[in-house]
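Inspection log for the structure reproduced underneath, given as structure tokens.
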Amino acid sequence: MGKTLTIQPVTRIEGHAKIVIDLDDSGNVSDTKVSVIELRGFEKFCLGKPVEEMPRITTSICGVCPMSHHLASAKANDAVFGVTPTSTGRKLRELCNAIAYMEEHILHFYFLAGADFILGPNAEYPVRNVIGIVGAAPEIAKKVVKVRHMCARMLEVIGGKSIHMTAAVPGGFSRPLREEERAELLKQAEEALELAKFTIAFAKENIFPKYLDVVKTLAAINTGFLGTVTADGSLDLYDGKLRMMSADGSYEDFAYDQYTDYISEHVEPWSYLKFPYMKKAGGFSMDLDNPVGVYRANSLARINVCDKIGTPLAQAELEEFRLSFGRPAQLTLLYHWARLIELLYNAELTVQLLNDPEITGTDIRKKVEPRAARGVGCVEAPRGTLIHDYETDENGLITNVNLIVGTTHNNAPINMSVKHAAKTLIKDGKYDQGILNTVEMTVRAHDPCYSCATHNFDGKIPVNIKIYDSKKNLIDELSS
Amino acid sequence: MAVRVAEEWFSICAGCEVAILDIGEPLLDILPKLEFVHMPVLMDHKLFGQTGEGKKAEIPEADVGIITGGIRNEENRELALEMRAKSKILIGLGTCACFGGIPSLANQFPLEALYEKVYRGSKSTESAPTPSAGIPPLTDRVYALNEVVKVDLRIPGCPPTPEMIASALNSLLEGTEFKLSEKSVCDECPTIREKKAVSNLKRPLESIEFDPAKPLNTVRCLLEQGFLCQGPATRGGCGGSGATPRCIRAYMPCRGCFGPLKDTANPMVDMMGALSSIGLDVKQIPDRAAQFNRYCGAGRLKPLPGGR
Chain A
192 MGKTLTIQPV TRIEGHAKIV IDLDDSGNVS DTKVSVIELR GFEKFCLGKP VEEMPRITTS
252 ICGVCPMSHH LASAKANDAV FGVTPTSTGR KLRELCNAIA YMEEHILHFY FLAGADFILG
312 PNAEYPVRNV IGIVGAAPEI AKKVVKVRHM CARMLEVIGG KSIHMTAAVP GGFSRPLREE
372 ERAELLKQAE EALELAKFTI AFAKENIFPK YLDVVKTLAA INTGFLGTVT ADGSLDLYDG
432 KLRMMSADGS YEDFAYDQYT DYISEHVEPW SYLKFPYMKK AGGFSMDLDN PVGVYRANSL
492 ARINVCDKIG TPLAQAELEE FRLSFGRPAQ LTLLYHWARL IELLYNAELT VQLLNDPEIT
552 GTDIRKKVEP RAARGVGCVE APRGTLIHDY ETDENGLITN VNLIVGTTHN NAPINMSVKH
612 AAKTLIKDGK YDQGILNTVE MTVRAHDPCY SCATHNFDGK IPVNIKIYDS KKNLIDELSS
Chain B
12 MAVRVAEEWF SICAGCEVAI LDIGEPLLDI LPKLEFVHMP VLMDHKLFGQ TGEGKKAEIP
72 EADVGIITGG IRNEENRELA LEMRAKSKIL IGLGTCACFG GIPSLANQFP LEALYEKVYR
132 GSKSTESAPT PSAGIPPLTD RVYALNEVVK VDLRIPGCPP TPEMIASALN SLLEGTEFKL
192 SEKSVCDECP TIREKKAVSN LKRPLESIEF DPAKPLNTVR CLLEQGFLCQ GPATRGGCGG
252 SGATPRCIRA YMPCRGCFGP LKDTANPMVD MMGALSSIGL DVKQIPDRAA QFNRYCGAGR
312 LKPLPGGR
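Structure below.
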């Protein structure tokens, strides 16, 4: 008899998803699905709002990467109002982005995914978590908790609030950084840089070698990649042009507002989350042997699409990584490695920005005037390219919103990774919690945030009651 | 004996969970006193058994249940009932659980209009029927937690402060009473108020007036400068005990993320009073109902005429 396994919820990720594995009569995997079971509806309920309120509404799409939504929204506002932020305003935003990245990459590596590596994928589930790490490696845990918390407090100093900040505004930033604050932040940034250096060295010595065999076989899929680079091809997480790389390594660059020429979104009946694909592939298929149009975003994608990194330690790591795994690197578990290179880059960038004399400037924002316009703002969120596309009327009120968020780009590859892992690991009806957790690890590698991805809306088949009068005129309509 | 804790999240952004982590090092002292039996963000307990063969979603017995997020689908509703049944004390954490939060802005629109926009009205999406296979059906609107189950303690905030969460956890561990601030955001705001506006209402498209070299207590009240600030109708406490409200620290006006001063309050009426008392005209504010109820739409926002 065939049967169905439901892994729900997928844990140690952000948001709600379930994995459904169908086994055939002989106990082998016939199909798998990663269904996303929530959605919210920002694209609808933001209509009519003053566009300048968007940077403080859309942060609630995600409390893990609120900074990314805040900044993408502020950049879409800049475009709608036709304004270039002041130099100090831009640098304060970049500083917030770099610090938020450190906080989130530390969170993911140590708090969410780390337990699989530090304690092992087969560890019993009650200890296979961050509390287990606290028990197994208390000194590291203490340091990590301290630095992650310190990053959050740094953001509070700069912008008042670390989760759902409000300080990025059309034309710049609302609050200047004071010299005494800068000096204190710089000390903290140097401490964070030390942790970043420690983390990648520790992982390269103690974690990656141990799992390299798993890395090579688990969820091996071939896809394209999407990320952001500067005009000269350097990694940039705040601003630049988008780069879509095919699986063979060839690529095309394009401006933010051209994204609809390159990306299309497909809908499957079994998930609220859409499946973006490369439009130029001419179609979409998640067939493991012959995928069509599938690309990935997030750390591995960014490390693949960039030609270089502008800070010395991260550049050295990039060179080493490329020497070992080529370009583009396809192995799913390399997302973790790529994430640690980015952690290092952001730590270096934070120190750099805090040493920039302009960072304490007081020319922080420009005044703007409402107008009818379209504005597309993008940043690289930790979980992938984030696109905020707004249209406004002449009063600057929202008439249209389109959002594509980091995790959504990875919907198809996550489904493919899970299918590949389940088919490889589950044979003849044999499975246990360790094997199922290893299947989940392929989801975790992508560090998905289904809260982000489900900004849209969750739905059911709507009940629609139409009430007619005796002359068959529609007098009312009730929808569930 | 450790206190057994179960945590679930519904229509969320996970900011409340990050706020728990933001307790920082003191969390390491609290953790050994807690035993997490269910918490999807941090640990691997599964609703349908560890090997996924269960037929009914089950949560273990707990001394304390914590729920973040409002209720948005039928699965949230079922899990809220299960959490209530299995928890001796149930806490609603964060503004979404308490009042619906930002997602309850959706209560201004009929469901079908939302589906149309997302699946058939998006410039980058191939039009398709609304997905419905094997995924939980939606509730008719966003509900606050206490509209569905009895809640013993509600801690608002988008997100709540780490200090509040730590203090609530410590109160539970020590068996003492936890109380929320009864002050408003204005009560905790250091800016200068003279009960008279110095400008007509302005949208925040320009900076408020302030001298970067001087402290906040030299700055004129943002509302009196003409920038809509919802401090008068919003519960205080966001800055931590007695400290300056978080958004004011960034020279940004309050938008009400700690929810109304009382459960029975009508923030729109309170704000209209506050505005007119200093000579400002509420009619100049676009999208008023949503503006004044931005974080508390569960039970306060209804579909707009014409279903926009």
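First to last, the protein sequences are chains A and B.
Letter by letter, the first sequence follows residues 192 to 671 of the numbering used here.
Letter by letter, the second sequence follows residues 12 to 319 of the numbering used here.
Glycine included, every Cβ here is placed at the ideal spot set by N, Cα and C.
Quick caveat: nothing in here was measured; it's all calculated off a predicted structure.
Spatially closest choice to residue i from the options, by CA coordinates
i: leucine 180 (chain B); options: B:Val196, B:Gly103, B:Arg231, B:Glu199; result: B:Gly103
i: alanine 306 (chain A); options: A:Gly326, A:Ile290, A:Ala291; result: A:Gly326
i: leucine 464 (chain A); options: B:Val129, B:Pro114, B:Leu32; result: B:Val129
i: glutamate 560 (chain A); options: B:Gln241, B:Pro215, B:Lys313; result: B:Pro215
i: glutamate 19 (chain B); options: A:Thr197, A:Glu205, A:Thr195; result: A:Glu205
i: isoleucine 500 (chain A); options: A:Tyr453, A:Ala529, A:Ala472; result: A:Ala529
i: glycine 273 (chain A); options: A:Gly362, A:Met341, A:Leu545, A:Ser437; result: A:Gly362
i: arginine 184 (chain B); options: B:Gly81, B:Lys44, B:Phe221; result: Reading the sequence as shown, one finds leucine at residue 184 (chain B) and not arginine. The shortest Cα separation from leucine 184 (chain B) among B:Gly81, B:Lys44, B:Phe221 belongs to B:Lys44.
i: threonine 421 (chain A); options: A:Thr390, A:Ala612, A:Gly431; result: A:Gly431
i: phenylalanine 110 (chain B); options: B:Arg165, B:Ala30, B:Arg260, B:Phe221; result: B:Arg165
i: proline 37 (chain B); options: B:Ile176, B:Pro147, B:Glu89; result: B:Ile176
Buried/exposed call for residue i, threshold 16 Cβ in 10 Å
i: methionine 469 (chain A); result: buried
i: glutamate 285 (chain A); result: buried
i: methionine 12 (chain B); result: exposed
i: asparagine 313 (chain A); result: exposed
i: lysine 194 (chain A); result: exposed
i: isoleucine 210 (chain A); result: buried
i: threonine 136 (chain B); result: buried
i: glycine 311 (chain A); result: exposed
i: aspartate 649 (chain A); result: At aspartate 649 (chain A), the pLDDT of 29 sits below 50, so the modelled position is not reliable and the matter cannot be decided from this model.
Any C-beta of chain A under 8 Å from that of residue i
i: arginine 311 (chain B); result: no
i: methionine 322 (chain B); result: Outside the shown range of chain B (12 to 319) lies residue 322 (chain B), about which nothing can therefore be said.
i: glutamine 119 (chain B); result: yes
i: proline 147 (chain B); result: yes
i: cysteine 27 (chain B); result: yes
i: serine 218 (chain B); result: yes
i: arginine 260 (chain B); result: yes
i: phenylalanine 303 (chain B); result: no
i: serine 22 (chain B); result: yes
i: arginine 88 (chain B); result: no
i: isoleucine 78 (chain B); result: no
C-beta neighbour in chain B for residue i, strict 8 Å
i: serine 608 (chain A); result: no
i: asparagine 481 (chain A); result: no
i: lysine 240 (chain A); result: yes
i: cysteine 253 (chain A); result: yes
i: threonine 599 (chain A); result: no
i: aspartate 478 (chain A); result: no
i: tyrosine 447 (chain A); result: no
i: glycine 650 (chain A); result: Since pLDDT at glycine 650 (chain A) reaches only 27, below the 50 mark, its modelled position is unreliable, and the value read off the structure follows with that caveat. It does; some Cβ of chain B falls within 8 Å.
i: leucine 196 (chain A); result: yes
i: threonine 615 (chain A); result: no
i: lysine 235 (chain A); result: yes
i: arginine 574 (chain A); result: no
i: tyrosine 402 (chain A); result: no
i: asparagine 647 (chain A); result: Because the pLDDT of asparagine 647 (chain A) is 46, which lies under 50, any placement of that residue in the model is unreliable, and the question is left without a value.
i: aspartate 423 (chain A); result: no
Residue i, enclosing beta strand (DSSP E) - first and last residue
i: arginine 436 (chain A); result: Strictly speaking, residue 436 (chain A) in this sequence is methionine, with arginine absent from that position. 432-436 is the extent of the beta strand (DSSP E) around methionine 436 (chain A).
i: aspartate 151 (chain B); result: 149-154
i: histidine 299 (chain A); result: No beta strand (DSSP E) contains histidine 299 (chain A), which DSSP labels as neither H nor E.
i: cysteine 569 (chain A); result: 564-572
i: glycine 418 (chain A); result: 415-420
i: serine 221 (chain A); result: 220-227
i: arginine 165 (chain B); result: 164-166
For residue i, the residue or residues it bridges with in DSSP
i: glutamate 443 (chain A); result: A:Met435
i: glycine 326 (chain A); result: In the DSSP output, where bridge partners are listed per residue, glycine 326 (chain A) has none listed.
i: asparagine 593 (chain A); result: A:Asp580
i: cysteine 24 (chain B); result: Looking at the DSSP assignment, cysteine 24 (chain B) forms no beta bridge with any residue, so it has no partner.
i: phenylalanine 238 (chain B); result: B:Lys213
The alpha helix (DSSP H) enclosing residue i, as first and last residue numbers
i: lysine 614 (chain A); result: 602-616
i: glutamate 234 (chain A); result: 233-236
i: histidine 527 (chain A); result: 525-545
i: valine 634 (chain A); result: 624-636
i: serine 288 (chain B); result: 278-288
Residue i CB to nearest heavy atom of the ligand ZN below 7 Å
i: serine 455 (chain A); result: Here there are no bound small molecules, and the ligand ZN is not part of this structure.
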